[in-house]
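Peer 1: Quick one: the structure is below, questions incoming.
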C-alpha cells in the first residue's frame, strides 16, 4: 500500500475508556471501545464503516479527528502524524477534517441563527471579514440546496432533512478534504434520507471529497460507498471494495449482518442467518475471535486464538481463521494467526 | 370483504375480521388549531394475519393504534368512527372494561422496550404482576411460571435473568420481556408499534422471527406498525400505507410491492436503497409532509405529486379521492384510478 493513495492511515488504533466506581472513583474496568484498528482511507473515496451499536465505529471516527484521545496507535492524515501534533499545529489541519453528526436536532444550537452556525468555523479559523464570511456561508448553503434567506432563520424553523443540510453546509464551509459522516441519515424519514444521500454523493464528486461514512444500514452503505469496512466489538473484521464485499462476503459476521437486513422486496429469496444472543460487552470481550460466541461456524481454535486481518486476494481483507487467501490450504491457519 | 354477509345481514361470527376500524378520526385540540392526527382511517385485521401499517413519522400510524386501545391523552380525542373487535364496538366500552381488554385480548409492545418497563422493579415482579392481574383470582402465580414465560420468548438463562432489573437487560432482551408479558394471557391480537426500530439489525431479525413464530404457533393476529418498507415486506400478509393521517393504499404485500399504485407508495419504494439492487440515484419525493393543522383541500399528497402534473389531473386539489378498488383486493386513494373502479 503506497502512502500517496491514502489520505488517512490508521494503525493499531486503540481507544479505551476507564470505568470508575465507588467514592474514590477507582478504575474497576476498561471498556475497549476500539481495540486495535488498522484502516486506510483512500483519497477521493467514500469508505463505509458499518457495525452495530457499541462496535466502536463512532469512536473510530472521533478518534481520527482527535475529538477524543486515543489510547494507542497512530493516525496519519495527509502524511502528518495527527497524534504527535501540538494544538497550534493541529488547528490548521482541523479545517481540512470535518464532521457531520447523526442527530440534526441536537447538533445545531437552537439559539443561533443558521448563518452564525454555518459561519462559526470561519470565525474560529480567522476569517475576520464579515462580507467574506457572509459570501462563503451563502455559497455553502447553496451547495446543499438552501438559500441566502435561510441564514437569518433559527434551526427550529427547519425540517429534519433541511437541518441535516445545514449540518453538511457547516462542514463544507471551510473547504475540507475529509469529512466524517456519523450516521447522517439514520434520524431521517425514508423519503428524506434519499435526498440527503443523493446530496452527499453529488458533493463528494463535485468537490472531490474523501468521506468516512459511518452507518449501521448495509443497504445505505451499498448504495453510497466505494469501499466498506465491517466492525465488530472494537475490531475490523472485513474490508473490501463494495462490489466484492456484497457479492462475496467472507466473514461470518458480515454474512449474518447482510442476511438480517429486511429487504423491501417480498419476492427476494434469501437464506437467513439469525444470530443467537446479544453482542458481548466490550468491558469483557471474549477470548480469541470476538465473534466466536455468536458465530455459526466457530471451531475450537476460534475461542483460543485471535485471527489477524489478512488479505484474501483482490484487496479483500478478512479476520477469520476459517477463511484463507486464494490458493492457500487450511493448514496454514495457525501460522497466519500467529 | 363486504360481500361475506350471512342470512340476517350480519356476517357470521367466525368470518368477522378480528379487528375492524371504520372511518376513525382522532383530533388534537390545541391552541394553534385542530391537529387531525388520524383523519378517516379504515382497516381490518383478520385472525392470524399480520397487518402491516407503514408510513413516515407524523402519518398517524401510532395514533391509530393508540385510538384502537383508547390510550389517547388530552388534548386528543377520538372524534368519530368505529372500532369493532370480536364483534363489539370498543369505543362504547368504559375505561374499566378497556383495561380488561388491553392485556387480556389485545397485547401491545412499543418502540422503546426499556421505557415501557418499570425501572425500579425486577423482571420477576413485573411478570408476576401481569399473571396476577389477568389470571384466575385467588391463586398466586409462581416464579416458575414467569421463568417459563421468559423461556418461551427465547431469553437465554431465564432463571438468572428473571432476577434482573430492566437496566441490566439489553434492548433486544427487554423487548422479549415485553412480548412475554403481552403473551401471558394468550391475546388474539398483538399491536406492535415500531417494535424493532430501536434495536440493532441482528437483534431486529431475532425479534421479528419471534413475532412470526408466535403468530404461526398461536394463530395470534398482529398489527405491525413500522416506517420500514423492508420490515413490512418480510413480515406482513397485507399492508396499509398511511400518509398525513389517512390510509392511501391497501393491498396484499406481494401485490403492493409488485405494483404499487399510489404515487406516494411508488415514491416511497423507489426512494429506499435495496440491498443487491444497485441504482445510480435514489428517487426523491419533492416537498414535505403537509401540516396536519392546515391540510390542503383535496388529496393530501397532491402538492407533492408528480403523477398529478403528468396526467394533468385537476380534481386532485379540489376533492379528496375515495378508496378505489383498482385491482381485486387492492385499494388506492387516488383519482388516477377512477376509471379502474370495480
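Protein chains in written order, with this note's numbering: chain A, 1 to 338; chain B, 339 to 680.
For glycine and all other residues, C-beta sits at the position ideal for the given N, C-alpha and C.
#1: Closer than 8 Å by C-beta to residue 311 (chain A): which residues in its own chain qualify, once you throw out the five before and the five after it? Chain order, please.
#2: Going along the chain, which residues of its own chain have a beta-carbon closer than 6 Å to the beta-carbon of residue 646 (chain B), five neighbours each way excluded?
#3: Inspect the beta-carbon positions of residue 559 (chain B) and residue 266 (chain A) and report whether they are closer than 7 Å.
#4: Exposed or buried, which one is residue 331 (chain A) when buried takes at least 16 other CB atoms within 10 Å?
#5: So does the stretch 223-237 of chain A actually touch the stretch 504-514 of chain B, counting three or more Cβ pairs closer than 8 Å?
#6: Going by C-alpha to C-alpha distance, which of B:485, B:598, B:626 sits closest to residue 190 (chain A)?
#7: Counting only C-beta atoms, is residue 612 (chain B) closer than 7 Å to chain A at any point?
#8: Report the neighbours of residue 223 (chain A) on chain B: residues whose CB is nearer than 8 Å to its CB, in chain order.
#9: Would you check if there are 3 or more beta carbon pairs closer than 8 Å linking the stretch 272-289 of chain A to the stretch 231-248 of chain A?
#10: Which of the three DSSP states, helix, strand or coil, is assigned to residue 377 (chain A)?
#11: Would you verify that the beta carbon of residue 510 (chain B) is, or is not, closer than 7 Å to some beta carbon of chain A?
#12: Under 8 Å Cβ to Cβ from residue 254 (chain A), same chain only, skipping five residues before and after it: list those, please.
#13: Hey, residue 143 (chain A) and residue 188 (chain A): beta-carbon distance below 7 Å or not?
#14: Strictly below 7 Å CB to CB, what residues from chain B border residue 262 (chain A)?
#15: Near residue 218 (chain A), which residues of its chain fall below 7 Å by C-beta distance, leaving aside the five closest residues on each side in sequence?
#16: Just to check my reading of the structure: residue 211 (chain A) and residue 204 (chain A) have Cβ atoms closer than 8 Å, yes? What is that Cβ distance to the nearest angstrom?
#17: Taking residue 613 (chain B) as the reference, give the member of A:291, A:242, A:222 with the closest Cα.
#18: Starting from the C-beta of residue 241 (chain A), find all residues in its chain whose C-beta is less than 6 Å away, skip the five residues before and the five after it, and write them out in chain order.
#19: Quick one, which of B:573, B:603, B:578 has its alpha-carbon nearest residue 542 (chain B)'s?
#20: Just curious, the alpha helix (DSSP H) that residue 88 (chain A) is in, first and last residue?
#21: Considering only C-alpha positions, which residue in the set A:320, A:65, A:13 is nearest to residue 300 (chain A)?
#22: Compare the Cα-Cα distances from residue 417 (chain B) to each of B:534, B:621, B:480, B:363 and report the closest residue.
#23: Which residue comes first and which comes last in the alpha helix (DSSP H) that contains residue 401 (chain B)?
#24: For residue 569 (chain B) and residue 263 (chain A), I'd like the C-alpha separation in whole angstroms.
#25: Hey, quick one: how far does the beta strand (DSSP E) through residue 374 (chain B) stretch, first residue to last?
#26: Residues in the same chain with beta-carbon distance under 7 Å from residue 140 (chain A), minus the five sequence neighbours each way, listed in chain order, please.
#27: Opposite residue 448 (chain B) in the DSSP bridges: which residues?
#28: Which bits of chain B does residue 274 (chain A) rub up against, with CB to CB less than 7 Å?
#29: On the DSSP bridge assignment, give the partners of residue 98 (chain A) in chain order.
#30: Could you check whether the stretch 433-453 of chain B touches the stretch 483-497 of chain B, counting it as contact only if at least three pairs of C-beta atoms, one from each stretch, sit closer than 8 Å?
#31: Rounded to whole angstroms, what's the CA-CA distance from residue 74 (chain A) to residue 216 (chain A)? Just pull it up for me.
#32: Just to confirm my understanding: we take residue 38 (chain A), look at its own chain, exclude 5 residues before and 5 after, and list those with CB closer than 8 Å. What are they?
#33: Would residue 448 (chain B) pass as a contact of residue 357 (chain B) if the rule is Cβ separation under 7 Å?
#34: Can you round the beta-carbon distance between residue 214 (chain A) and residue 180 (chain A) to whole angstroms, since I take them to be within the 8 Å contact cut?
#35: Run the CB neighbour count on residue 538 (chain B), radius 10 Å, all protein chains shown included, and call it buried at 16 or more, exposed below.
#36: Just to confirm the assignment, what range does the beta strand (DSSP E) spanning residue 235 (chain A) have?
Peer 2: So, from the data block:
#1: Excluding positions up to five away in sequence, the list reads 317, 325.
#2: 640, 654
#3: no
#4: With a pLDDT of 45 at residue 331 (chain A), under the threshold of 50, the modelled position of that residue is not reliable, and the figure given next carries that caveat. Answer is exposed; the Cβ neighbour count stays below 16.
#5: no
#6: B:626
#7: yes
#8: 611, 616, 617, 620
#9: The answer is yes - the stretch 231-248 of chain A touches the stretch 272-289 of chain A, with three or more Cβ pairs under 8 Å.
#10: Summary: the structure shown does not reach residue 377 (chain A), with chain A confined to residues 1 through 338, and so no result is reported for it.
#11: Output row for residue 510 (chain B): interface = yes.
#12: 230, 237, 238, 245
#13: no
#14: 566, 568, 569, 571, 572
#15: 50, 257, 258, 261
#16: 6 Å
#17: A:222
#18: 227
#19: Considering only alpha carbons, the answer is B:573.
#20: 87-94
#21: A:320
#22: B:363
#23: Residue 401 (chain B) -> alpha helix (DSSP H) spans 399-406.
#24: 7 Å
#25: 371-383 is the span of the beta strand (DSSP E), which, as asked, contains residue 374 (chain B).
#26: 118, 169, 172, 173
#27: Paired residues: none, contrary to the question.
#28: Among the residues of chain B, those whose CB is under 7 Å from the CB of residue 274 (chain A) are 543, 544, 547, following chain order.
#29: A:179
#30: no
#31: 25 Å
#32: 10, 11, 12, 13, 236, 309
#33: Against a cut-off of 7 Å, the Cβ pair of residue 357 (chain B) and residue 448 (chain B) comes out as no contact.
#34: 7 Å
#35: buried
#36: Residue 235 (chain A) -> beta strand (DSSP E) spans 235-241.
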